[in-house]
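In what follows, a structure is listed as structure tokens, so that the remarks can point back to it.
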Amino acid sequence: MIVPRFWSESVVEGRVKGRAVRIRRFGWSNDSEQAATAHAASRAEEALLRLQQGERVARREIKQSYGGGDGLPIREQIVDERDDVVITRNSYGARCLNTPDVLFVDMDFDASNSLVANVFGAASVIASISVLFALQFSPTAWFMALLLLPMGFLFAARFRAKKRAADSALPRLRAMCQRWLDQDPKRRLRLYRTPAGLRAVVMHQTFPPDSPAVRECFQGLGADPVYQRMCELQQCFRARVTAKPWRMGFTMRFRPRPGVWPIAATAMPIREQWVTAYEQQAREFAACHFLEELGSGHADFKVQRVVAWHDELCGALSGRPLA
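Quick note on numbering: the numbering used here labels position 196 of the sequence shown as 188, and the sequence is numbered without any gaps.
This is the structure:
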């Protein structure tokens, strides 16, 4: 797991088949900004050479929190550290726990944002506005309200149906966990309720993120494919430990945008103002709620230490509302 403290971007120019080209590459270091700059220049020169040798090479790298398919290190502000566990602030401002070997798995409900849902949402808003007009006893407004209000009721019914689907999904997800545990009596899981599903922590041992055992666990528990890819490329596991801003009704926009670290020194006061307000409100919410531990295996001592910190940061035992 690599979470660098220093980042830099270098630009090199050259010619390929008689045409001028420009290559941009990021560099990173835990030692100094100068070392990050040197690393960026080296990566840019290497990319230019490969391009000149006929390889297909991207001209620039996207500035993002972690590299996805490119496998760049995690590019987030380091907020806290304990041993080899690092807490970072992600691109929308929440804190995330990053660990090189304690296996976290989030299992989400299948909550799609379909076109039908968007249509019903728009219809309900329009219907509400129509009701306001109807209060003025306009015949046209009454007609619009009678036409559109049923769509609003359908939208409300859909939300109730989604809640019922979420409630029914919990036993299904728990059953997946139990099936995985039943394959080996040494296994042990700790389960949490999240706003979108369940979170599981494998308690009986630590794992290298690219090991076959991790892939088997991800498959057995139905882990998100994007998360699986990130774990393998970044050589770490992640868990969000504070609330998503929009879930707790926090309306102040995360600034400056984009939220990828680092930011300009001139923008730090704006960022710090946002962080102070966010953290104050986030103390009223929990990122997950502890449910139970399953399995007959013994908990690994290191995993227990990491989980204790995770539970403290998440408010997992606090009873506060999920967000």
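Idealized CB from N, CA, C, for every residue including glycine.
A Cβ-Cβ distance of about 4 Å is found for the pair MET240 and ALA315, placing them in contact under the 8 Å criterion.
Along the length of the segment 174 to 262, whole beta strand (DSSP E) runs at least 3 residues long occupy 181 to 186, 189 to 194 and 229 to 232, reported in chain order. Excluding its 5 nearest sequence neighbours in each direction, ASP100 has C-beta neighbours in its own chain below 6 Å: ALA188 and GLY189, listed in chain order. Taken atom to atom, the span from the alpha-carbon of ARG164 to that of ILE262 is near 44 Å. Counting every other CB atom within 10 Å of its CB across the protein chains shown gives ARG35 a total of 16 or more, marking it as buried. For a cut-off of 8 Å, the C-beta gap from ALA274 to MET195 is around 26 Å, too long to register as a contact. Burial check for TRP266: the Cβ neighbour count within 10 Å reaches 16 or more, so the residue is buried. Bridge partners of LEU89 according to DSSP: ILE79 and ALA231. Between ALA235 and ALA279, the C-beta gap is smaller than 9 Å, which places the two residues in contact. Secondary structure within the segment 10 to 69: the alpha helix (DSSP H) runs of 4 or more consecutive residues, fully enclosed, are 25 to 44 (chain order).
Across the structure, THR80 and SER57 are spaced so that their CA atoms are roughly 10 Å apart.
For the 9 Å CB-CB criterion, PRO254 and CYS228 do not form a contact. Secondary structure note for VAL3: its beta strand (DSSP E) is the uninterrupted segment -2 to 8.
Between LEU181 and GLU285 the beta-carbon gap is near 7 Å, inside 8 Å, which marks them as a contact. Counted as a single uninterrupted DSSP element, the alpha helix (DSSP H) harbouring ASP303 occupies residues 293 to 306. Within the DSSP bridge table, the entry for GLU285 names ARG182 as partners. Contact annotation, LEU89 with ALA257: C-beta distance approximately 27 Å; criterion of less than 8 Å not satisfied.
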